[in-house]
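Going left to right, the sequence shown walks through residues 1 to 403 as full-length UniProt numbering numbers them. Don't be surprised by glycine CBs; every beta carbon is placed ideally from N, CA and C. Note that the structure is a prediction, hence the values are computed from the model and not measured. Below is one structure, written out as structure tokens; the observations come after it.
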Amino acid sequence: MLNSLLTKSVRSGRVTIARNVTLILRQSSNKAAVLHEVGKPLVLEGVKRIEQLKDDEVRIKVHYCSLNSTDVQIIAGKCPPELKVPLPFIPGHEVSGEVVEIGKNNPNFLKRGDRVVAMNDLQDPNGGLISELVVKNRDVWAVPPEVPLREMTVMPYGHGTALLTFALHCPLEQNDLLLITAGPAGMGLAAIDLAVNVYKAKVIAICDTESSSDLVRQKGAHKTVSMNKNYTKLYKNIADAMGDQKAKIAYDAVGKGLLHLMADFVDPDKGQLFSVDPFFNKETFKSSKPEYELPKKVERTEEQQQQIAKLLDNIKHVDLYEHEDEDVYRQMISDTVEMRVQRMVHGHISKVFMLKEIQEAVDFILKKQCTGKVLVDVKCEDDDKCEDETGAVKEEEKKKKDD
């Protein structure tokens with residue numbers, strides 16, 4: 001398979017969702033969507049340009065930025081209190097664009113004009129919803145011309161985290177069975193894409209809506225189960241889907257204590273529970289009570305209770321950006337880019353918004369209308385004149401449809 005450098009372990013990290021965001025437009029060459037006060041409107045305004053790059057920095061003209069549920073939750077002030085977000089704050093930690101300037105150190109041999117994808121820390125106040133972004137060179141990857149930038153923008157964090165999990169922490173093999181939760185943020189969808197299309201594993205997906213169930217079946221999930229507030233019914237539906245089988249991996253991208261429920265369906269000897277919820281806190285999870293009751297017909301033996309307790313005690317939290325080995329971190333996204341070049345995996349974009357439509361994008365996520373990643377076209381200011389990556393103008397496409 002791909003030449004991964006996977007050799008080390010992972011540290012934990014964190015994630016969240018948003019409220020109303022109104023826009024105030026101000027003219028400037030370096031425009032950004034800025035949060036000045038948590039829970040208050042984002043302001044679309046000009047910000048001061050960073051004139052002098054540090055040796056290890058790269059300046060990027062941003063084309064696209066992924067708007068994640070974490071960004072939206074920070075805007076709303078719904079992230080955990082231990083997550084300190086400095087203000088003013090520009091959201092967005094997955095971007096793509098064009099290199100315009102490079103610091104003195106250039107270990108990745110970038111050139112001006114290179115098409116690139118980049119990431120930054122969730123708590124970095126200088127995020128990607130800006131016309132020009134400065135990031136560390138460790139967080140930038142070249143994107144080959146055959147890969148659409150807009151699609152590559154939504155892939156690094158979700159696919160990279162899944163690859164780290166499946167290649168390092170619990171190596172997958174063909175026909176292994178996985179139980180994956182797929183919410184509106186796209187992390188679960190990326191894991192399904194990788195597990196099915198690269199590892200040829202079988203996936204039973206727990207989805208938050210019927211529309212997302214349809215999508216994950218199209219992505220190759222073996223079976224799907226719709227999430228329901230009635231956890232007893234959800235437990236029964238998962239049990240029906242699993243039959244007598246036990247999963248090798250339970251991969252939770254949603255949170256909400258679902259791993260308490262999923263533990264019953266994981267192989268107690270060879271299985272592992274994973275959380276990729278960026279705001280997952282193991283101590284908080286361990287002290288929380290399961291939000292469900294076992295169906296009346298289900299009884300656990302003392303041995304089963306001990307096995308489940310052990311699984312829950314050994315939950316691994318995986319956050320790609322927080323990985324302690326820079327080589328491993330970079331290799332995961334390099335491999336993700338290469339897999340996309342080979343068309344082994346694909347990014348799914350639920351909807352694209354312009355920067356001036358950021359409020360609509362936030363509401364789209366809040367109302368759980370998205371079935372994957374939401375993308376913001378930062379470079380485009382007029383929807384009728386925006387060019388796609390082949391140079392075609394949307395206005396011309398509309399005329400063709402009308403004809």
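Where the alpha helix (DSSP H) containing GLU101 begins and where it ends = Looking at the DSSP string, GLU101 is not in any alpha helix (DSSP H); the run it does join, the beta strand (DSSP E), is 94-102.
task = Assess, as a yes-or-no matter, whether the segment 65-78 is touched by the segment 100-108 under the definition of 3 or more beta carbon pairs within less than 8 Å.
result = no
task = Could you tell me how far apart the beta carbons of SER375 and ARG112 are, in whole angstroms, since I believe they sit closer than 8 Å?
result = Sequence inspection shows Leu at residue 375; the Ser mentioned does not correspond to that position. Between ARG112 and LEU375 the Cβ distance is about 25 Å, and since that is not below 8 Å, they are no contact.
message = Just to confirm the assignment: which complete beta strand (DSSP E) runs, minimum length 3, are found wholly within the segment 309-372?
response = 349-354
request  = Give a yes or no on whether the minimum CB-CB distance between ALA190 and chain D is below 8 Å.
outcome  = Going by chain labels, chain D is absent from the structure shown, which holds only one protein chain.
inquiry  = Extract the residue ranges of the alpha helix (DSSP H) inside the segment 173-246, only unbroken runs of 4 or more that lie entirely within it.
reply    = 187-197, 210-218 and 231-242
query = ARG300: buried (16+ other C-beta within 10 angstroms of its C-beta) or exposed?
reply = exposed
ask   = By a C-beta neighbour count over all protein chains shown, 10 Å radius and 16 as the cutoff for buried, is HIS36 buried or exposed?
value = exposed
key: Residue from ILE102, LYS356, VAL95 and LYS316 with nearest C-alpha to ASP55   = ILE102
request  = Tell me, please, whether the segment 309-326 touches the segment 335-347 by the rule of three or more beta-carbon pairs shorter than 8 Å.
outcome  = no
ask   = Opposite GLU57 in the DSSP bridges: which residues?
value = LYS136
message = Based on DSSP bridge pairs, tell me the residues matched to ILE130.
response = ALA32
message = Any contact between the segment 175-190 and the segment 134-153? By contact I mean 3 or more CB pairs, one from each, below 8 Å.
response = no
6 Å Cβ shell around VAL276 - same chain, five flanking residues per side excluded = THR161, MET187, ALA253 and VAL318
task = Just tell me which of LEU67, VAL62 and ILE60 has its CA closest to the CA of GLY372.
result = LEU67
inquiry  = Rounding to the nearest angstrom, what Cα-Cα distance links ALA195 and GLN218 in this structure?
reply    = 14 Å
ask   = Exposed or buried, which one is ASP124 when buried takes at least 16 other CB atoms within 10 Å?
value = buried
key: Cβ neighbours of ASP114 in the same chain (closer than 6 Å, five flanking residues each side left out)   = VAL99 and ALA142
LYS270 versus ARG343: straight-line alpha-carbon distance, rounded = 31 Å
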